[in-house]
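Asker: What follows is a structure written as C-alpha cells; I'll ask about it next.
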Amino acid sequence: MTSTGTALFGSNIGSSSKNLVEFRAGKMKLNGTTVTADKRKGLVYVFQGEDSLMHFCWKDRTTSTVEDDLIIFPDDVEYKAVKQCKTGRVFILKFKNSSRKLFFWMQEPKADKDEELTKKVNDFLNNPPAPGSSGGGLRHLGDQLIGRYEISRGYSFIIVN
Numbered sequence: 005m006t007s008t009g010t011a012l013f014g015s016n017i018g019s020s021s022k023n024l025v026e027f028r029a030g031k032m033k034l035n036g037t038t039v040t041a042d043k044r045k046g047l048v049y050v051f052q053g054e055d056s057l058m059h060f061c062w063k064d065r066t067t068s069t070v071e072d073d074l075i076i077f078p079d080d081v082e083y084k085a086v087k088q089c090k091t092g093r094v095f096i097l098k099f100k101n102s103s104r105k106l107f108f109w110m111q112e113p114k115a116d117k118d119e120e121l122t123k124k125v126n127d128f129l130n131n132p133p134a135p136g137s138s139g140g141g142l143r144h145l146g147d148q149l150i151g152r153y154e155i156s157r158g159y160s161f162i163i164v165n
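Here it is, written out as C-alpha cells:
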C-alpha cells in the first residue's frame, strides 16, 4: 500500500511522490553573459499543489533544502536545452513575459531521456492536469473540437460532441 502522507519538510521522492516529473539537475548562476555551474547535487521537480497551481522547484539533494518553489501559470514559461552550450547539458527556464531566466545543468547520467523530460516539464507547466487527475491536462480533440473558452488564469476547457 502506498503512503499518501506528505513530509513536513522537503518533497516526497519515491512511491509516495506527488511529483509529476523529476530529475537530477544542478543550478547555474548567470553573471552578465556568463553562466557558471553551482556544483551542488540538485533535483528539479514539478508538482500540482492542492490549489491546482503548478510548481517548478529546485532542491539541494544533499541538504534536502528546497531553494526554489515557483508558481507557474500556463503559457508563462518555456523549458528548453541551451544549444550554445557544447560542453554539457544545460537547460533554461525562460519566462515569456519578463527577462527572468533560470539555468540548470543536467545531472542524470544518460542524455537519452533529456528530450522526454523537457517535453514533460513543458506539458505539465503549460497544460496542467485537471484537478484530481494524474495525467496531462486538457488537450485539443481534433475534429471533435467545438469550442475553446478561456477562463481565469489562462486555463482553458474544451466542449466536445
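The sequence shown begins at 5 in the working numbering and counts up one residue at a time.
Every residue gets a Cβ at the ideal spot worked out from N, C-alpha and C, and that includes glycine.
Skipping 5 residues on each side, what residues in its chain have a beta carbon closer than 6 Å to that of residue 71?
Answerer: In the sequence shown, residue 71 corresponds to position 67, counting from 1. Once the five neighbours on either side are set aside, the close Cβ partners of residue 71 are 62.
Asker: Where residue 105 and residue 99 are concerned, what is the direct C-alpha to C-alpha distance, given to the nearest angstrom?
Answerer: By one-based count along the sequence shown, residue 105 stands at place 101. By one-based count along the sequence shown, residue 99 stands at place 95. Roughly 6 Å between the two C-alpha positions.
Asker: Anyone know if the C-beta pair for residue 51 and residue 24 falls short of 9 Å?
Answerer: The residue you call residue 51 lines up with position 47 of the sequence shown. The residue you call residue 24 lines up with position 20 of the sequence shown. Yes; because the gap between Cβ atoms is below 9 Å, this pair is in contact.
Asker: Buried or exposed for residue 155, going by 16 or more other Cβ atoms inside 10 Å?
Answerer: Counted from its first residue, the sequence shown places residue 155 at position 151. Because the pLDDT of residue 155 is 33, which lies under 50, any placement of that residue in the model is unreliable, and the number read from its coordinates should be weighed accordingly. It counts as exposed.
Asker: In its own chain, which residues sit with a C-beta less than 6 Å from the C-beta of residue 21, not counting the 5 before and 5 after it?
Answerer: As a position in the sequence shown, residue 21 is number 17, starting the count at 1. Once the five neighbours on either side are set aside, residue 21 has no close Cβ partner at all.
Asker: Got a sec? Which residues, its chain only, sit under 7 Å from residue 81 by beta carbon, not counting five neighbours each side?
Answerer: Looking up residue 81 in the sequence shown gives position 77. Counting only Cβ-Cβ distances below 7 Å, and skipping sequence neighbours, we find 97, 98, 99, 100, 129.
Asker: Output the distance between the C-alpha atoms of residue 118 and residue 64, rounded to the nearest integer angstrom.
Answerer: On the sequence shown, position 114 is the one that residue 118 refers to. On the sequence shown, position 60 is the one that residue 64 refers to. Roughly 20 Å separates the two Cα atoms.
Asker: Can you tell which of 58, 107, 85 has its C-alpha closest to the C-alpha of residue 41?
Answerer: Translated into positions along the sequence shown, residue 41 becomes position 37. Checked all of 58, 107, 85; the closest Cα to residue 41 is 107.
Asker: Taking the C-alpha atoms as reference points, what is the distance between residue 45 and residue 30?
Answerer: As a working mapping, residue 45 is identified with position 41 in the sequence shown. As a working mapping, residue 30 is identified with position 26 in the sequence shown. Approximately 6 Å between the Cα atoms of the pair.
Asker: Between the alpha carbons of residue 86 and residue 66, how many angstroms are there, rounded?
Answerer: In the sequence shown, the residue the question calls residue 86 occupies position 82. In the sequence shown, the residue the question calls residue 66 occupies position 62. Residue 86 and residue 66: Cα-Cα distance of roughly 26 Å.
Asker: What does a CB cutoff of less than 6 Å around residue 58 pick up in its chain, not counting 5 residues either side in sequence?
Answerer: Taking the sequence shown and counting its residues from 1, one reaches residue 58 at position 54. So the qualifying residues of the chain are 52, 76, 129, 132.
Asker: The beta strand (DSSP E) with residue 47 in it runs from where to where?
Answerer: Stepping through the sequence shown from its first residue, residue 47 is reached at position 43. From DSSP, the beta strand (DSSP E) with residue 47 extends over 46-52.
Asker: Could you check which residue in 39, 114, 84, 35 has the C-alpha nearest to that of residue 126?
Answerer: For the purposes of this step, residue 126 is identified with residue 122 of the sequence shown, where counting begins at 1. Closest option to residue 126, Cα to Cα, is 84.
Asker: Excluding five sequence neighbours on each side, which residues of the same chain lie with their C-beta closer than 6 Å to the C-beta of residue 95?
Answerer: Numbered from its first residue, the sequence shown carries residue 95 at position 91. Hits under 6 Å: 85, 108.
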